[in-house]
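Novice: Sharing a structure below in structure tokens format, with a few things to ask.
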Amino acid sequence: MSPLAARLLVVFCLALPLYGVEKVRNRGYRKDPDADKYGSCIQGPAGTPGREGNPGANGIPGTPGIPGRDGLKGEKGECISEIFDEPWRPNYKQCAWSSLNYGIDLGKVAVAGTCSVDTWLFPAVPQDCTFTKRRSDSDLRVLFSGSLRLKCKNACCQRWYFTFNGAECTGPLPVESIIYLDQGSPELNSTINIHRTSSVEGLCEGVKAGLVDVAVWVGTCADYPRGDASTGWNSVSRIIIEELPK
């Protein structure tokens, strides 16, 4: 055998046992599947959860942002006017006079235009009772209270009614009262001469705001002759005017 072959045989014989030992070591070692995750130690049971920490301090305020730009101009809105009604205040007037004894059969009776609630005129003078109406959308309530009388030989009828600025009420109808007598007497001054306190009352719509001349008139009824009329004999007569809301 040549010297070179002999040296190779010696090296082979020395290396063969070391290869077997390394193979045996590798065969007896079993790798833990979680070794790469936890290293070479096996994970234990989970511990008790910890408490929440104290709130941290506020951070440093940030710097102001960049101001925004103005938006687009909007469309022009509609003009709506609001109407606020004033609270309603009472508005009334009374005209009164004593022992009017007004015997007119046709025409304006007598309405005192300068009297107040507490004033009577002595004697009464035929004139309008001027009332200041505040609103055009309100109504007027009128009342005449006084003694009325009618007598005649044959059947007769007389009518007492209100006028507003010289015209009768048309909203909705006139304000009136009538007396009809159908008991003849030989002469006008017969014993049938009864005076009774009566009233003429109603509401009138559509009267405009401002000064309103309110008056009481006496006239005839349709298709009936007139008689001898008397208004306000030996007693107090009065007119009350009141403005009422709708």
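Last residue of the sequence shown: number 679 in the numbering used here, and the count goes up by one each step with no gaps. Quick reminder that beta carbons are idealized off the backbone N, C-alpha and C, glycines included.
(1) Where do the ends of the beta strand (DSSP E) carrying D691 lie?
(2) Are the beta-carbon atoms of C654 and R592 separated by less than 7 Å?
(3) Report the three-state DSSP secondary structure of W521 (helix, strand or coil).
(4) By the three-class DSSP mapping on this structure, what secondary structure does R671 have?
(5) Please classify T630 as buried or exposed, where buried requires at least 16 other C-beta atoms within 10 Å of its C-beta.
(6) CB-CB under 6 Å to P500, same chain, minus the five flanking residues each way: which ones, in chain order?
(7) Between which two residues does the beta strand (DSSP E) harbouring D503 extend?
(8) Going straight from the alpha carbon of S390 to that of S632, what length do you get?
(9) Within this structure, are the beta carbons of D572 and E638 separated by less than 7 Å?
Specialist: So, from the listed chains and residues:
(1) The requested residue 691 is not part of the displayed model; the chain covers only 434 to 679.
(2) Against the sequence shown, residue 654 aligns to sequence position 221. Against the sequence shown, residue 592 aligns to sequence position 159. The answer is yes: Cβ separation under 7 Å.
(3) Walking along the sequence shown from the start, residue 521 turns up at place 88. It is coil, neither helix nor strand.
(4) As a first step, residue 671 is located in the sequence shown; it is residue number 238 there, counting from the start. Of the three classes helix, strand and coil, the one that applies to R671 here is strand, per DSSP.
(5) Working through the sequence shown from its first residue, we reach residue 630 at position 197. Under this definition T630 is an exposed residue.
(6) As a working mapping, residue 500 is identified with position 67 in the sequence shown. Excluding sequence neighbours, P500 sits near nothing in its chain.
(7) Position 70 of the sequence shown, counting from 1, holds the residue named residue 503. Looking at the DSSP string, D503 is not in any beta strand (DSSP E), and its letter there is neither H nor E.
(8) Outside the shown range of the chain, which is 434 to 679, sits residue 390, and nothing can be said about it.
(9) Residue mapping note: residue 572 aligns to position 139 of the sequence shown, counting from 1. Residue mapping note: residue 638 aligns to position 205 of the sequence shown, counting from 1. Taking 7 Å as the Cβ cut-off, D572 and E638 qualify as a contacting pair.
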